[in-house]
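A.B. asks: Protein chains in written order, with the working numbering: chain E, 1 to 525; chain D, 1001 to 1375.
We put the beta carbon where it would ideally sit given N, CA and C, even for glycine.
Supplied in structure tokens, the structure appears directly below.
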């Protein structure tokens, strides 16, 4: 299985150096690194927006921002985090890890890979730059519901073009991943021997290819309604505002699985390693992932229970949504069964993985409660929903990203991350996350709507608590930045296998992984 | 997790005594309709089932975390599948879900049954206020606009915040206790949502379409809610307030309202002095226009144009009357012709033409508005 040529020692690469190296690179590791750095910058930008929101909500009354700017903040926080932080971060992991895990020398379309990444910075500039144009950024919510989005200023047009570009980048990235996984696996690596991270990304990539064009269509129709006199979403011209929501959520619900399935993949790599035991129910994990992906296309209208659809529609979408709990439950049970009678250790990747299971499952329970249409009618568009999707997106996707970062950093940098700092980061994140978002369940149940800059007095104390937690959580992420910078600059040398229980091809190459790996395909038994 | 633990205790305290929770802090608001009651109980049941599963799953996980540690000498087993267990944890959840779906289905069907109401009220969402029309039943013909009653001084921290800060309106909806009220929702500009938590009603108000919901309040009292769909700048400032009163009090309210509407019609039939119009116009402006055009008339450009020095306001009266009556489609400027009386529209137009640096000295009479209607 040894695949590294001796003349490709540590860091060797050909071609331009300096900035041009990064602009022209077609190397999956360089591109993966750029994706990860980009997504972290966007994560911090989105975080600043979130903290401004929480500062305004610290107490009742308007203190820091005006309502129109507050709406820009909530909208841009959502767009930046979803399209700028979480999605590119997972693509970064895919770029770095999929070729290493399947024994391929690079991604299938190396030049397209470069292009997929370099589309993102202009899109980010368009999106964030929209704050500075007359009228400011779009304030229609990240869902950009028509006709409110039709009313917006030119910031909305910039957001639409940014989404077009990011969508293009995602589609190209997804095609690259599908082709790489299907065609470039090492001899002997059958589909059902593939690491689960590759499986979850393969399925995610199909979801991306299926739904990103739908989003592009929806926002293009908004663009046409805004400027070209069409009436897709205007009843006065024969259109229907609710049609926008159907199209958006046909994209939007698979989108939430796009953000969580790769996270499931990362967790499924880490739990067996630190349990020193094979993953329980590998085949059922694959089938569960596929079922979630397929079901995700038939549940979109559960975001729209209050639009007033017929009883039959409400019931269909309620039943279909509840069904998703079954494959999701299977995954959680499998992870717990993997840990059961293992030989567990709790280095930072494992801490984040176990933390993920614990907190993500709470988000799963609130998801099930939201699936029940009559209950959803009470909690829809309240802080309960805000709590729910932050439990699955922050404690879910983000914690999995941190787990994956601590897990593979030694392979990327050749140094072990400082374990004490990693643990500090975990505990601060875990505690402040719950201080921030747990009270939001109560706020939502008691009747606080989301996306409001000011609130009735009975919501004051929980909002204050959430704001304090949010600042703690935000500052905790600087610990992560410090841990990564420290790890890149030096530290204890990592061995090839890094973790005692680690299995898979990526652990057969030295740490740090040389610039070129698997130029001769390894053979998998 | 001690914080979460403390809250869990509080949740149980709240669950144990829903009737004592006048103003809910941890749980759904105390229900006052049958539907809201069903939702409340369903949520409690779901929470308990989820808690039960939570304890089992994480009991197992934390048992492993504590006892199956390498540092305690645990040696890893090598099992990685067990068909019987895997089938069990697929089938059992399906059965639990069926148990949950059954009551939910019954409630969905009941919520959708809006037939045979005693009173029908249309709620129209505007940026950012609610308009109400009593369409059928006792009180038919009553219509009014309902604005946030909390002052800007309170919002900006220049005055102490009142008990019902942001959840109080100038004209509440009044309904009789124990009657089936059907609410039709629609909107004039963007999507809003009419939400009354204690009634278990949340229905989007969609421009160009009519949707419906219903409630039958069992207990007299004042119930408060909010717009629940992001609708622009002042989404957080368009509350809903419903007074559920006895049948006698309702009949009296209907009589008072109808008398007030008759007075408004006769007010529109006479000529007003400039001072009278400006005085009344200031009130109408404060209730309906100030959110966008601002107290100083400077607006919030580019979305909300200024009135101070505006060409429309200083131009021909007919042009301004047309804008106020018919609104500007595609913008938050509502068609106030359907909301306000002739006298109020005349007053507010006169006010804008004689305020800030605008000094036309013109008095616009209700009769001019009446003449402009329907043009």
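(1) With DSSP collapsed to three states, give me the class of residue 314/E.
(2) Hey, which unbroken runs of the beta strand (DSSP E) at 3 residues or more fall wholly within the region 1185-1220 of chain D?
(3) How would you list, in chain order, the residues of chain D whose beta-carbon sits under 9 Å from the beta-carbon of residue 145/E?
(4) Apart from the five residues on each side of it in sequence, which residues of its chain come closer than 6 Å, Cβ to Cβ, to residue 205/E?
(5) Taking just the CA atoms, how far does residue 1076/D sit from residue 28/E?
(6) What does the alpha-carbon distance come out to for the pair residue 133/E and residue 102/E?
(7) Counting only beta-carbon atoms, is residue 49/E nearer than 7 Å to chain D?
(8) Which bits of chain D does residue 365/E rub up against, with CB to CB less than 8 Å?
(9) Starting from residue 1143/D, follow its DSSP beta bridges and name the residues at the other end.
(10) When you compare the CB of residue 1126/D with every CB in chain E, is at least one pair closer than 7 Å?
(11) Give the interface partners of residue 1203/D over in chain E, defined as CB-CB distance under 9 Å, in chain order.
(12) Which runs of the alpha helix (DSSP H), 4 residues or longer, sit entirely within the region 373-457 of chain E?
(13) First and last residue of the beta strand (DSSP E) that includes residue 1241/D?
(14) How many angstroms separate the CA atom of residue 481/E from the CA atom of residue 310/E?
(15) In chain E, which residues lie with their C-beta within 8 Å of the C-beta of residue 1180/D?
(16) With a threshold of 7 Å on Cβ separation, who are the neighbours of residue 1282/D within its own chain once the five nearest residues in sequence on each side are excluded?
(17) Provide the residue span of the alpha helix (DSSP H) that contains residue 1165/D, from first to last.
(18) Our contact map puts residue 94/E next to residue 43/E with C-beta atoms below 8 Å; I'd like the distance itself, whole angstroms only.
(19) Hey, would you say residue 457/E sits closer than 7 Å to residue 1165/D, going by beta carbons?
(20) Taking only the alpha-carbon atoms, compute the straight-line gap between residue 1343/D and residue 1233/D and give it to the nearest angstrom.
(21) State the start and end residues of the unbroken alpha helix (DSSP H) segment that holds residue 99/E.
(22) Around the Cβ of residue 182/E, are there at least 16 other Cβ atoms within 10 angstroms (buried) or fewer (exposed)?
(23) Quick one: using the 10 Å Cβ neighbour count with 16 as the cut-off for buried, is residue 1028/D buried or exposed?
(24) Indicate whether residue 64/E and residue 55/E have their beta-carbon atoms separated by less than 7 Å.
(25) I'd like the span of the beta strand (DSSP E) that includes residue 1119/D, first residue to last.
(26) Given a limit of 7 Å on CB to CB distance, which residues of the region 230-254 of chain E reach chain D?
(27) Which stretch, first to last residue, makes up the beta strand (DSSP E) that contains residue 1173/D?
(28) Can you find at least 3 beta carbon pairs, one from the region 315-323 of chain E and one from the region 347-364 of chain E, that sit closer than 8 Å?
(29) Indicate the three-state DSSP secondary structure (helix, strand or coil) for residue 493/E in the structure shown.
(30) What is the rounded straight-line gap between the Cα of residue 1157/D and the Cα of residue 67/E?
(31) Please confirm if the region 214-230 of chain E is in contact with the region 262-275 of chain E, defined as three or more CB-CB distances below 8 Å between the two stretches.
(32) Across which residues does DSSP place residue 1223/D in a beta bridge pair?
(33) Find the nearest neighbour of residue 1189/D within the set 1173/D, 1199/D, 1225/D, 1206/D, judged by alpha-carbon distance.
(34) For the region 1146-1168 of chain D, which residues have a CB atom closer than 7 Å to at least one CB atom of chain E, in sequence order?
(35) Under 7 Å between C-beta atoms, does residue 3/E make it to chain D?
(36) Under a CB-based cut-off of 7 Å, is residue 1356/D close to chain E?
C.D. replies: Looking at the atomic coordinates:
(1) Indexing the first chain from 1 puts residue 314/E at position 314. It is helical.
(2) Listed in chain order, the beta strand (DSSP E) runs fully inside the region 1185-1220 of chain D are 1192-1196, 1201-1205, 1211-1215, counting runs of at least 3 residues.
(3) Locating residue 145/E in the first chain gives position 145, where the first residue counts as 1. One finds 1190, 1191, 1229, 1230 in chain D with Cβ atoms closer than 9 Å to the Cβ of residue 145/E, taken in chain order.
(4) Residue 205/E sits at position 205 when you count from the first residue of the first chain. Cβ neighbours of residue 205/E beyond the five flanking positions: 174, 177, 178.
(5) Counting from one through the first chain, the residue named residue 28/E turns up at place 28. Counting from one through the second chain, the residue named residue 1076/D turns up at place 76. Linking residue 28/E to residue 1076/D through their CA atoms gives a straight-line distance of about 35 Å.
(6) Here the question's residue 133/E lines up with position 133 in the first chain. Here the question's residue 102/E lines up with position 102 in the first chain. One Cα belongs to residue 133/E, the other to residue 102/E, and the distance between them is close to 46 Å.
(7) By one-based count along the first chain, residue 49/E stands at place 49. Answer no: the Cβ-Cβ gap between residue 49/E and chain D never drops below 7 Å.
(8) Here the question's residue 365/E lines up with position 365 in the first chain. Within 8 Å Cβ-Cβ: 1050, 1053, 1054.
(9) Translated into the one-based positions of the second chain, residue 1143/D becomes position 143. Looking at the DSSP assignment, residue 1143/D forms a beta bridge with 1133/D.
(10) On the second chain, residue 1126/D is found 126 positions in, with the first residue counted as 1. By this cut-off, residue 1126/D is not an interface position.
(11) Here residue 1203/D is taken as the residue at index 203 of the second chain, counted from 1. Neighbours of residue 1203/D on chain E, chain order: 306, 307, 308, 377.
(12) 373-379, 383-392, 399-413, 419-446, all fully within the region 373-457 of chain E.
(13) For the purposes of this step, residue 1241/D is taken as the residue at position 241 of the second chain. Unbroken beta strand (DSSP E) run through residue 1241/D: 1240-1245.
(14) Here residue 481/E corresponds to residue number 481 of the first chain, with the count starting at 1. Here residue 310/E corresponds to residue number 310 of the first chain, with the count starting at 1. A straight line joining the alpha-carbon of residue 481/E with that of residue 310/E spans about 50 Å.
(15) Mapped onto the second chain, residue 1180/D falls at position 180. Under a criterion of Cβ atoms nearer than 8 Å, no residue of chain E is adjacent to residue 1180/D; the nearest Cβ is some 18 Å distant.
(16) For the purposes of this step, residue 1282/D is identified with residue 282 of the second chain, where counting begins at 1. Once the five neighbours on either side are set aside, the close Cβ partners of residue 1282/D are 1351.
(17) By one-based count along the second chain, residue 1165/D stands at place 165. Unbroken run through residue 1165/D: none, as it is neither H nor E.
(18) Translated into positions along the first chain, residue 94/E becomes position 94. Translated into positions along the first chain, residue 43/E becomes position 43. Not a contact, Cβ separation roughly 17 Å.
(19) Against the first chain, residue 457/E aligns to sequence position 457. Against the second chain, residue 1165/D aligns to sequence position 165. Pairing residue 457/E with residue 1165/D gives a Cβ-Cβ distance under 7 Å.
(20) If you number the second chain from 1, residue 1343/D lands on position 343. If you number the second chain from 1, residue 1233/D lands on position 233. Roughly 29 Å separates the two Cα atoms.
(21) Numbered from its first residue, the first chain carries residue 99/E at position 99. From DSSP, the alpha helix (DSSP H) with residue 99/E extends over 87-102.
(22) Along the first chain, read from residue 1 onward, the residue named residue 182/E stands at position 182. When all chains shown are included, residue 182/E counts as exposed.
(23) Residue mapping note: residue 1028/D aligns to position 28 of the second chain, counting from 1. Under this definition residue 1028/D is a buried residue.
(24) As a working mapping, residue 64/E is identified with position 64 in the first chain. As a working mapping, residue 55/E is identified with position 55 in the first chain. Pairing residue 64/E with residue 55/E gives a Cβ-Cβ distance under 7 Å.
(25) By one-based count along the second chain, residue 1119/D stands at place 119. Per DSSP, residue 1119/D belongs to the beta strand (DSSP E) from 1119-1126.
(26) Identification of residues in the region 230-254 of chain E having a C-beta nearer than 7 Å to some C-beta of chain D yields 235, 236, 241, 242, given in sequence order.
(27) Position 173 of the second chain holds residue 1173/D. Annotation for residue 1173/D: the continuous beta strand (DSSP E) segment containing it runs 1173-1176.
(28) In this structure the region 315-323 of chain E does not touch the region 347-364 of chain E; the number of beta carbon pairs closer than 8 Å is below three.
(29) Here residue 493/E corresponds to residue number 493 of the first chain, with the count starting at 1. In this structure, residue 493/E counts as strand in the three-state DSSP scheme.
(30) Taking the first residue of the second chain as position 1, residue 1157/D is located at position 157. Taking the first residue of the first chain as position 1, residue 67/E is located at position 67. Rounded to the nearest angstrom, the gap between the Cα atoms of residue 1157/D and residue 67/E is 15 Å.
(31) The region 214-230 of chain E, when compared against the region 262-275 of chain E, does not touch it at the 8 Å Cβ threshold.
(32) Translated into the one-based positions of the second chain, residue 1223/D becomes position 223. Residue 1223/D is bridged by DSSP to 1242/D.
(33) By one-based count along the second chain, residue 1189/D stands at place 189. Of the candidates 1173/D, 1199/D, 1225/D, 1206/D, the one whose C-alpha sits nearest the C-alpha of residue 1189/D is 1206/D.
(34) Correct list: 1155, 1156, 1157, 1161, 1165, 1166, 1167.
(35) Locating residue 3/E in the first chain gives position 3, counting from the first residue. Its pLDDT being 43, under 50, residue 3/E is placed unreliably by the model, and nothing is read from it.
(36) Taking the second chain and counting its residues from 1, the one referred to as residue 1356/D is at position 356. It does not; no Cβ of chain E falls within 7 Å.
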